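What follows is a single structure, written as structure tokens, with notes after it.
In our numbering, the protein residues as written are 627 to 839.
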């Protein structure tokens, strides 16, 4: 089988997926439920809790990798890295092709773990981590951006989009996770509206949007 994810990155992904699988137990201990929708909600103050991975599944990660690779993306921005699973799938698609990933995370403990993870995976030359409020840290990111991944606070999807929209290239692909969460409703309504300048479809709880203009 052809392997497009370098072995060094794949090894770290395996470790992170194993650790992320413990989220259900962490959630049960904190809020008394293992309901998947609650686990992946990513709303409010619970997102600030550093013990939660809130990670993409292996299938979702591979989809991000495939999309970035087939798009030929070279300037990717990610809102919400958490512990870096989605970041590594994206970085694997960019490594060796001169591409760059700029990712964001607000939680200091997660940022410290991310730096160790990116070093372990050997992607520090490909990935730039911006620590803090994405509305501030992404203000000076250079365009044109050809792929945008939204997977942080759902209520921030639309503000982050609006901040970056002038730097999104025509044909930019936007992937928004957990689009069925109520906090993402304003973003979802916008991208499906006639004024968005996008074509949008939904696969599972991912919204894929193509910037037409």
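Glycine included, each C-beta is placed from N, C-alpha and C at the ideal position. These numbers come from a predicted model, not from an experiment.
When the five nearest sequence neighbours on each side are left out, the beta carbons in the same chain lying within less than 7 Å of the beta carbon of residue 634 are those of 747 and 748, in order along the chain. According to the DSSP assignment, residue 682 belongs to no beta strand (DSSP E), since it is labelled neither H nor E. Within the same chain, and ignoring the five residues on either side of residue 724 in sequence, the residues whose Cβ sits closer than 8 Å to its Cβ are 700. Here the segment 765 to 777 makes no contact with the segment 731 to 751; the two share fewer than three CB pairs at distances below 8 Å. Unbroken alpha helix (DSSP H) stretches of 4 residues or longer found wholly inside the segment 731 to 756: 734 to 747, given in chain order.
Between the C-alpha atoms of residue 808 and residue 787 there is a straight-line separation of about 17 Å. For the pair residue 752 and residue 721, the CB atoms are nearer than the 7 Å cut-off.
Bounds of any beta strand (DSSP E) do not take in residue 808, whose DSSP letter is neither H nor E. Under the DSSP assignment, residue 774 falls outside any alpha helix (DSSP H), being part of the beta strand (DSSP E) whose first and last residues are 771 to 776. Around the beta-carbon of residue 637, fewer than 16 other beta-carbon atoms lie within 10 Å, marking it exposed. Within the same chain, and ignoring the five residues on either side of residue 813 in sequence, the residues whose Cβ sits closer than 6 Å to its Cβ are 783 and 784. Residue environment for residue 743: buried (at least 16 other C-beta atoms within 10 angstroms of its C-beta). In the three-state reduction of the DSSP assignment, residue 726 falls in the strand class.
For residue 833, the pairing in a beta bridge is given by DSSP as 802 and 828. The Cβ atoms of residue 694 and residue 717 do not sit closer than 7 Å to each other. As the crow flies, the alpha-carbon of residue 819 is around 31 Å from that of residue 756. Residue 704: member of the beta strand (DSSP E) spanning 701 to 705, first to last residue. Between the C-alpha atoms of residue 833 and residue 822 there is a straight-line separation of about 14 Å.
Residue environment analysis places residue 631 among the buried positions, since at least 16 neighbouring C-beta atoms fall within 10 angstroms of its C-beta.
A direct Cα-to-Cα measurement between residue 828 and residue 705 gives close to 19 Å.
The straight-line gap separating the alpha-carbon atoms of residue 810 and residue 779 is approximately 9 Å.
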